[in-house]
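Peer 1: Input: one structure, supplied below.
Numbering (full-length UniProt numbering), first residue to last: 1 to 169.
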């Protein structure tokens, strides 16, 4: 501690008694939360997508979905979710294709080179346009309508494991 005192007809700081203060610890930057999966979907298909989310939670996946993780700017939340997720599930439907927000999510995931798994969640939907292009030439996806939820979910778990263990983007 420094002492302010009267010495030789003047007030001065006496620094000779100052104790060395411990240096403050640097502030640790918090690592952003990471997710195994992000579910990208249109709200018109929220019932099946929320059902997937509930099953993933039971199976101990750490999943981002907008029903729980939206804070502040919607665009910022979506971008952070994509950046912090290992795999993005693209839940394809005609509503998804027509949604600007869904288009932004899928395009940003592709730009960020995120591993993406296409999932069909609407009967008789055939992905065309930008969404068909996103799939590439093979047009392979997991069809939750044709296979039924339980069978499709089992296939999706296998695909997630394959994607996690590969270099596929």
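Each residue gets a CB set at the ideal place from its N, CA and C atoms; glycine is no exception.
Provide the residue span of the alpha helix (DSSP H) that contains residue 54, from first to last.
Peer 2: For the purposes of this step, residue 54 is taken as the residue at position 54 of the chain shown. Looking at the DSSP string, the run of the alpha helix (DSSP H) that includes residue 54 is 46-58.
Peer 1: Reducing DSSP to helix, strand and coil, say where residue 73 ends up.
Peer 2: Taking the first residue of the chain shown as position 1, residue 73 is located at position 73. DSSP places residue 73 in coil when its eight states are reduced to three.
Peer 1: For the 8 Å Cβ check, are there 3 or more pairs between the region 93-109 and the region 50-62?
Peer 2: Because the criterion of three Cβ pairs below 8 Å is not met, the region 93-109 and the region 50-62 do not touch.
Peer 1: Which residues mark the beginning and the end of the beta strand (DSSP E) in which residue 85 is found?
Peer 2: By 1-based counting over the chain shown, the position of residue 85 is 85. Element bounds for residue 85: 85-92.
Peer 1: Would you give the residue range spanned by the beta strand (DSSP E) that residue 36 belongs to?
Peer 2: Indexing the chain shown from 1 puts residue 36 at position 36. Run containing residue 36: 35-40, per the beta strand (DSSP E) assignment.
Peer 1: Residue ranges of each alpha helix (DSSP H) run of no fewer than 4 residues wholly in the region 129-169, ordered along the chain?
Peer 2: Segments of the alpha helix (DSSP H) lying fully in the region 129-169: 129-135, 144-147, 149-164.
Peer 1: Could you check whether residue 142 and residue 108 sit closer than 8 Å to each other, using their CB atoms as the reference points?
Peer 2: Walking along the chain shown from the start, residue 108 turns up at place 108. Walking along the chain shown from the start, residue 142 turns up at place 142. The answer is no: Cβ separation not under 8 Å.
Peer 1: Where does residue 97 fall in DSSP's three states?
Peer 2: Residue numbering aside, residue 97 sits at position 97 when the chain shown is read from its first letter. Note: residue 97 maps to helix in three-state DSSP.
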